[in-house]
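Asker: So for the sequence shown, the working numbering puts the first residue at 388; every next one is plus one.
Handing you this structure, nothing more for now.
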Amino acid sequence: MHRTTARLARTVMLVLASGAFVGLCAQEERVRPEKTDTELAAAEETGKAIEQALDRARATGLSGLRLNKAVLTLETGNVKQGGIKISFIIFTISSRVKKGETQKTVLTFGALAKPARTASVKSLDEPLADAILQAAHIAAQVKTLPLSEATVKFEFVVEKSVGGGVSFQVLGGSVGGDIDFSKVSKNSLEVTFSR
């Protein structure tokens, strides 16, 4: 009986130790930087903000064009902060440290339906949504040949506010060429329009 109790006690200790170890490992890795960290943005929140930019542009009617496809390319990496690994993050325009090894994630989205009602807008406040709107407006102006398809690619960097909000700066548009890309993720969005 004493041996059985000792074995049971050892088994319980091993199970508790294993559980504590698994708990520690789970705590050492996360996919979201702190909300107040302006140097890093989660890929998930960036993707949601891209979706909102596409929807804002689409709501304008895109000069009568339809958005057939959007290809989003995010440059992501990993960092350690306070011994905790943060994965699948984007280095924002405020990043002060070298980003190290990164990977590219490419997401392809299908056609968006034309909105039921459109707001006739000449420009939008958000730079990426406005770039999409302007590209559609220019593509719609081509009248010499019937437009079958127009593809435009925007490169952009992510900006994050202290409150955690994500916005974008379009390269060659709202931001110049003085960005240190050894510290900042360079992302792109390619959109395809048709009539």
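Note that the Cβ used here is the ideal one computed from N, Cα and C, for glycine as well.
Using only alpha-carbon positions, find the residue among 493, 557, 544 that is nearest to residue 514.
Answerer: As a working note, residue 514 is residue 127 in the sequence shown. Nearest option by C-alpha distance: 557.
Asker: Touching or not, the segment 462–470 and the segment 536–543, by the rule of three or more beta carbon pairs under 8 Å?
Answerer: Segments in contact, no.
Asker: Can you name the start and end residues of the beta strand (DSSP E) that residue 451 belongs to?
Answerer: Counting from 1 along the sequence shown, the entry for residue 451 is found at position 64. Per DSSP, residue 451 belongs to no beta strand (DSSP E) and is neither H nor E.
Asker: Return the CA-CA distance between residue 435 and residue 552, expressed in angstroms with no decimal places.
Answerer: Translated into the one-based positions of the sequence shown, residue 435 becomes position 48. Translated into the one-based positions of the sequence shown, residue 552 becomes position 165. Approximately 11 Å, taken between the alpha carbons.
Asker: Excluding five sequence neighbours on each side, which residues of the same chain lie with their C-beta closer than 6 Å to the C-beta of residue 537?
Answerer: Locating residue 537 in the sequence shown gives position 150, where the first residue counts as 1. So the qualifying residues of the chain are 526, 580.
Asker: Check whether the Cβ atoms of residue 420 and residue 471 sit closer than 8 Å, and answer yes or no.
Answerer: As a working note, residue 420 is residue 33 in the sequence shown. As a working note, residue 471 is residue 84 in the sequence shown. No. Outside cutoff.
Asker: My parser needs the beta strand (DSSP E) runs of 3 or more residues fully inside the segment 426–514; what are they?
Answerer: List check, beta strand (DSSP E) in window: 427–429, 453–468, 471–478, 489–496.
Asker: For residue 582 and residue 458, what's the separation of their Cα atoms in angstroms?
Answerer: Counting from one through the sequence shown, the residue named residue 582 turns up at place 195. Counting from one through the sequence shown, the residue named residue 458 turns up at place 71. Cα to Cα, residue 582 sits roughly 19 Å from residue 458.
Asker: Roughly how many angstroms separate the alpha carbons of residue 576 and residue 485, rounded to a whole number?
Answerer: By 1-based counting over the sequence shown, the position of residue 576 is 189. By 1-based counting over the sequence shown, the position of residue 485 is 98. Taking the straight line joining both Cα atoms gives about 24 Å.
Asker: For residue 429, collect the residues of the same chain with a Cβ closer than 8 Å to its Cβ; drop the 5 residues on either side in sequence, then sort them by chain order.
Answerer: By 1-based counting over the sequence shown, the position of residue 429 is 42. Closer than 8 Å at the Cβ level, and outside the excluded window around residue 429, lie 418, 419, 420, 475, 476, 477.
Asker: For residue 445, decide whether its Cβ has a neighbour in chain B, counting only Cβ atoms nearer than 8 Å.
Answerer: Of the protein chains in the structure, only one exists, and it is not chain B.
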